[in-house]
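S.K.: Residue numbers (numbering that gives the first Met the number 0): 0 to 485.
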Amino acid sequence: MEALPTRARVYVAGVAAAGLLCLLSPHVAQIVHRAQIVHGLQMPHVPWRELASLAVLYACCEYLVRSRYLGVPNPGGTFHPVLLAAAFLLPPSAAALVALPGALLTPVERRPLLARRIWRAGQLTLAVWAASRAYQAAGGRDAVAAGDVPAALGAVGASVLVFCLLLTLLDHGIVALTAGVPLWRGRPASRPATWRRLFLRSLAPITVHGLAGLMMALLWRSPYGPVAALLVLLPMCVSWWAFAQYHRERAAHQATIRALVQAVDIKDGYTRGHSERVGQASTMIARELGMDDERTEVLRFAGILHDVGKLGVPTRLLTKNGPLTPEERRVIELHPEYGHEMVRGISFLGEARAAVLHHHERLDGSGYPYGLAGGQIPESARVVAVADAFDAMTSTRSYSRARPVPVALEELQRCAGAHFDPRMVEALVRVIGRAGWHPAVTAEDVRSSGPSAPAPAPDPAPGPTGPDPVAPDPAGPVADQPRARR
């Protein structure tokens, strides 16, 4: 747990302690089950055979969905039907115990390993315990015994709501604490909507898992026994296989983008790492604006690929030592169109293609390649334009030093409304003011680990007119860059 912030470690420990209390406290079991007072930690009427069978089944399913047979190292979810079936079959404390072996023993791919195992165990234990208690409080067990299917479905719905809500809130808490941002403050309009959106997005699949869990529970208690209940898992295995195919496709997308970015870095080595940092800043802006995860991912792609058109620009122009002629500048200003042609056939990029083409447009219409103004500029391009300018100003080049982050943000605010969308600028200012700027790849990292590269061409005319039009640069104020030909 040493890799986590202190407050995140405290949070994980608190969740784990609460989960342990659900497992071991006989008094909680007494209140839930309305049973007689028992002595010691051993609880009566616990079907240990069913508990052990479900725990082994869940652990095996978890191992399977993360195995090479499905091709998904970590598919981003757990095998909820088994857990929910346990919530419907067993007392709350016993149902919570079903999740423990699978959560603790399933391999973890990313560090810190121990903290991730403890977190997963505590989170699932709490969620299953709460789901089982909600199911029992809604009369689910009595409804199933009486054959009242509608009442049983209502109890399942209550259980699924509690299960999904608790998982969402716990996930939201650990993400917020790990990122070092307030849980409910700092972005009053958008941050509460984040967990609500996650809750609504996960509610439908967990509801399907809840119905599968109910079918498992009914078959488990039927004359056909647990073997018949296993048949319910076959469709779930098919769905995990389909998810694995999606995961493979997404990995192929990532590989395609990495290949394009590496090609740009090889050609224009001095700005190596710039694309990754622009992608990171674009992601921060998108999240601050409350965009959903899918669109945020597309904007990350847009930031990473915004300069892919450099592959179509002669290397001698990118590395020229001396002023650019008007003809050379016009050639360089074609790089957005080159980039758009390169990525237009990649369907998964979506609106990232528009950002690649228009990220040098300006709100006042003085940008290029088409001189679009105001709302004519796609929103994705306005996000990437701010991220691109920010990284250019905070990166050291051969002909200029990096500006401090506060100075760069002040410059962006000064140019907001003329060059940049004020909404995007303010989003970046807010998120950096709250979380700071910690680029995953810094200019120092790439220069110390990679071969040296010739410096890019300096300003075509010394003085306040500004730097190379390939990206806004700290050589002069952003607002003073030369106007490109339309």
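In this text, a Cβ means the ideal position worked out from N, Cα and C, and glycines have one as well. Values in this document were obtained by computation on a predicted structure and should not be read as measured data.
#1: Cβ atoms of A280 and L88: under 9 Å apart, would you say?
#2: Give every residue of the same chain whose Cβ lies closer than 8 Å to the Cβ of T167, excluding the five residues on either side of it in the sequence, and list them in chain order.
#3: Looking only at C-alpha atoms, which of V97, S379 and E332 sits nearest to L317?
#4: Would you call the region 102-122 in contact with the region 231-248, where contact means no fewer than 3 C-beta pairs closer than 8 Å?
#5: For V155, which option in L348, G212 and H171 has the closest C-alpha, if you only look at C-alpha atoms?
#6: Kindly give me the distance between the Cβ atoms of A58 and G101, rounded to whole angstroms, as I take these residues to be in contact under 8 Å.
#7: Using the three-state DSSP reduction, which class does A401 fall into: helix, strand or coil?
#8: In the DSSP assignment, what are the bridge partners of A415?
#9: State buried or exposed for L229, treating a residue as buried only when at least 16 other CB atoms are found within 10 Å of its CB.
#10: Near H358, which residues of its chain fall below 7 Å by C-beta distance, leaving aside the five closest residues on each side in sequence?
#11: Pairs of beta-carbons, one from the region 365-376 and one from the region 301-315, closer than 8 Å: are there three or more?
#12: Start and end of the alpha helix (DSSP H) containing D363?
#13: Leaving aside the five residues before and after A372 along the sequence, list all residues of the same chain whose C-beta is less than 7 Å from its C-beta, in chain order.
#14: Measure the CB-CB distance between L259 and V148 and report whether it falls below 9 Å.
#15: What is the DSSP secondary structure of V424, reduced to helix, strand or coil?
#16: Where L19 and G139 are concerned, what is the direct C-alpha to C-alpha distance, given to the nearest angstrom?
#17: Within a Cβ cutoff of 8 Å, which residues of the same chain sit near V97, ignoring the five residues on either side of it in sequence?
#18: Identify which residue in P225, L232 and V226 has its Cα closest to the Cα of G209.
#19: Suppose you measure from the CA of I3 to the CA of R48; what does that come to, to the nearest Å?
#20: Contact check, A301 vs A262 under 8 Å by CB: the rounded distance?
#21: Contact defined as beta carbons within less than 8 Å: I believe G278 pairs with G308. What is the distance between those atoms, to the nearest angstrom?
#22: Given a cut-off of 9 Å, decide if M283 and V161 are closer than it, judged by their beta-carbon atoms.
#23: Taking DSSP as the reference, what is the three-state secondary structure of V445?
#24: How is the alpha helix (DSSP H) around Q279 delimited, first residue to last?
#25: Using a Cβ-Cβ cut-off of 6 Å (strictly less than) and excluding sequence neighbours within five positions of L348, which residues of its own chain qualify?
#26: Can you name, in chain order, every residue of its own chain whose Cβ lies under 8 Å from the Cβ of L169, other than the five neighbours on each side?
#27: If the criterion is Cβ atoms closer than 9 Å, does the pair Y62 and L176 meet it?
#28: Restricting to runs no shorter than 4 residues, where is the alpha helix (DSSP H) found entirely within the region 97-172?
#29: How many angstroms separate the CA atom of R116 from the CA atom of E287?
#30: Is G435 helix, strand or coil when you go by DSSP?
#31: Taking only the alpha-carbon atoms, compute the straight-line gap between P377 and P225 and give it to the nearest angstrom.
#32: Run the CB neighbour count on Q135, radius 10 Å, all protein chains shown included, and call it buried at 16 or more, exposed below.
#33: Starting from G321 and walking both ways along the alpha helix (DSSP H), at which residues does that stretch end?
#34: Restricting to Cα atoms, I'd like to know which of P111, A151 and C21 is closest to S92.
#35: Please state the DSSP three-state secondary structure of P313.
#36: How would you label E326, buried or exposed, when you count the other beta carbons within 10 angstroms and need 16 or more for buried?
M.R.: Concretely, from the data shown:
#1: no
#2: W194, L197, F198 and S201
#3: E332
#4: In the pairwise beta carbon analysis, the region 102-122 is classified as not touching the region 231-248: fewer than three pairs are separated by under 8 Å.
#5: G212
#6: 4 Å
#7: Judged by DSSP in its simplified three-state form, A401 adopts coil rather than helix or strand.
#8: F419
#9: Classification for L229: exposed.
#10: H305, P335, A380, V383, A384 and D387
#11: no
#12: No alpha helix (DSSP H) holds D363; DSSP gives it neither H nor E.
#13: Excluding sequence neighbours, A372 sits near L362, D363 and G364.
#14: no
#15: Residue state, collapsed to three classes: helix.
#16: 25 Å
#17: L50, L53, A54, Y57, V81, L82, A85, L89 and V127
#18: Nearest of P225, L232 and V226 to G209, Cα basis: L232.
#19: The residue you asked about is not Ile; residue 3 is Leu in the sequence shown. Cα to Cα, L3 sits roughly 38 Å from R48.
#20: Going by Cβ atoms, the distance from A301 to A262 rounds to 17 Å, so no, they are not a contact pair.
#21: Rounded, the Cβ-Cβ distance is 16 Å, inconsistent with contact.
#22: Going by C-beta atoms, V161 is not nearer than 9 Å to M283.
#23: Low local confidence applies: a pLDDT of 47 at V445 is under 50, so the model's placement there is unreliable, with the coordinate-based value given in what follows. Three-state DSSP puts V445 in a helix.
#24: Note, Q279: alpha helix (DSSP H), H273 to E287.
#25: F300 and V342
#26: V14, Q122, L125 and A126
#27: no
#28: 112-136 and 139-145
#29: 30 Å
#30: It is coil, neither helix nor strand.
#31: 56 Å
#32: buried
#33: Here G321 belongs to no alpha helix (DSSP H), and DSSP marks it neither H nor E.
#34: C21
#35: Of the three classes helix, strand and coil, the one that applies to P313 here is coil, per DSSP.
#36: A residue is called buried when at least 16 other Cβ atoms come within 10 angstroms of its Cβ; E326 does not meet this threshold and is exposed.
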